[in-house]
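Residue numbers (the working numbering): 590 to 879. Yeah, the Cβ is synthetic: ideal placement off N, Cα and C, and Gly gets one too. Only a predicted model underlies this, so the values are computations on that prediction, with no experimental measurement involved. This report refers to the structure that appears directly beneath it.
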C-alpha cells in the first residue's frame, strides 16, 4: 500500500565503479538526503565491509545505483538482513530498478512521507552436492543454470521434482528460475513471463535435443534436483556469477530460499505489465552502436 509506511532514516547508497560518474551521482544523493535530515552513506557495491554493516543494522534502506546486475548483487547482500532496496537506473535496461537517473530529485522525498510500497520477491536456494556432501550453496534472485562448458556438446541432466523423476534433458543447459528470473535468461530461451511476486520455480531447457522442449512452472513450494550425466566438461552458474565446474554424478538441488528480497516501489502493482512491452521492444545493446 502507498502512503502508509514508515519513513527511512539511515540510508546506504551503493554504486558500481564501472559506471561513469556513479560516484559523483551518489554524492549528490547523499547531500540531497542530508537536506532532509537523513543520514546517508556512500560506498561501492563491492565494499568488503558491506555485508557486516548490513548485518549490524546500520541501515534501513539500500539505494543501488547501476543496472540490473547491481540489483542482483544488492539482493544477495540485503535479503539475509531484511533491508529493502531502491534501484536508480544508470544502465541500459533496468527491469529491476525503479527510478531513472533524472528522476530521483522529484521521487526520493516520497521515502519520508511513506509514499511507497514494498514488493517482495522469492529467492532461489541452490546447493551443489557431490557424494552427499554440499560443496557450495547460493541464494539467487534470477536463476541457476546447469549446462555444457567449452565443448559444444549437449549434457544429460537427470531431473526430479519433489523427489520424483521428471525427465532426462539432453540440452545445452537447463535453467531453474524464479518469477523475477522469468524476464532474464529464461525469457531469452523461450520461457513464459511470470508475475514478479509469484513463488514458483520455472524450468526452461536451452536448445533441447529430442527432449521436453516446453517450459514447466512448478507448484509453489516445489523443489527440483538436477543430476549430471556427462563425460565432458559442464558448469553451474548462479545469477551469472563465475561458473563452477560440475562433474558426472554431481547433483544440484534448488528450492525457495528462506530469504526474500524487498524492492521499494512508488508505482502501483500494475507497473509490471505497463513496462513490459516497452522493455521488450528495447535492445539493451542498441546504444552501443550510436
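When the five nearest sequence neighbours on each side are left out, the beta carbons in the same chain lying within less than 6 Å of the beta carbon of residue 801 are those of 756, in order along the chain. Judged by DSSP in its simplified three-state form, residue 730 adopts coil rather than helix or strand. By the criterion of at least three beta-carbon pairs nearer than 8 Å, the segment 740-756 is not in contact with the segment 701-710. Between residue 604 and residue 631, the beta carbon gap of about 7 Å places them in contact (Cβ cut-off 8 Å). By the CB criterion at 8 Å, residue 634 and residue 663 fall inside the cutoff.
Sixteen is the threshold: since fewer than 16 other Cβ atoms of the shown chains lie within 10 Å of the Cβ of residue 857, the residue is exposed.
Excluding five sequence positions before and after residue 809, the CB atoms of its chain that fall closer than 6 Å to its own CB belong to 788 and 789, given in chain order.
Residue 622: not part of any beta strand (DSSP E); member of the alpha helix (DSSP H) spanning 611-623, first to last residue. In the three-state DSSP reduction, residue 770 falls in the helix class (H, G or I).
Per DSSP, reduced to three states, the secondary structure at residue 854 is strand. Listed in chain order, the non-local C-beta contacts of residue 797 below 7 Å within the same chain comprise 758, 759 and 760, local neighbours out to five positions each way being set aside. Per DSSP, residue 713 is one residue of the beta strand (DSSP E) stretching across 706-719.
DSSP, read as helix, strand or coil, puts residue 798 in coil.
Contact between residue 843 and residue 762 does not hold, since the beta-carbon distance rounds to 14 Å and is not under 8 Å.
The beta-bridge partner set that DSSP reports for residue 758 consists of 746.
The DSSP assignment places complete alpha helix (DSSP H) segments of no fewer than 4 residues inside the segment 621-653 at 639-644, in order along the chain. At a Cβ-Cβ threshold of 8 Å, residue 739 and residue 822 count as neighbours. Judged by beta-carbon spacing, residue 673 lies beyond the 8 Å limit of residue 813, meaning their Cβ atoms are not closer than that value. Taking the Cα of residue 720 as reference, the smallest distance to any Cα among 599, 836 and 595 is reached at 836. Taking a 10 Å sphere around the C-beta of residue 839, we find 16 or more other C-beta atoms and assign the residue as buried. The three-state secondary structure of residue 827, taken from DSSP, is strand.
A buried status is given to residue 785, since no fewer than 16 other beta-carbon atoms sit within 10 Å of its beta-carbon.
Pairing residue 687 with residue 861 gives a Cβ-Cβ distance that is not under 8 Å. In the three-state scheme derived from DSSP, where H, G and I count as helix and E and B as strand, residue 863 is classed as helix. Secondary structure of residue 847 (DSSP, three-state): strand. A Cβ-Cβ distance of about 5 Å is found for the pair residue 851 and residue 709, placing them in contact under the 8 Å criterion. Rounded to whole angstroms, the separation of the alpha carbons of residue 780 and residue 650 is 33 Å. Rounded to whole angstroms, the separation of the alpha carbons of residue 811 and residue 751 is 6 Å. If you look at residue 818, you'll find it in the beta strand (DSSP E) that goes 813-818. Between residue 670 and residue 833, the C-beta spacing is not below 8 Å. Residue 653 and residue 712 do not touch by the CB rule: their CB atoms are close to 16 Å apart, not below 8 Å.
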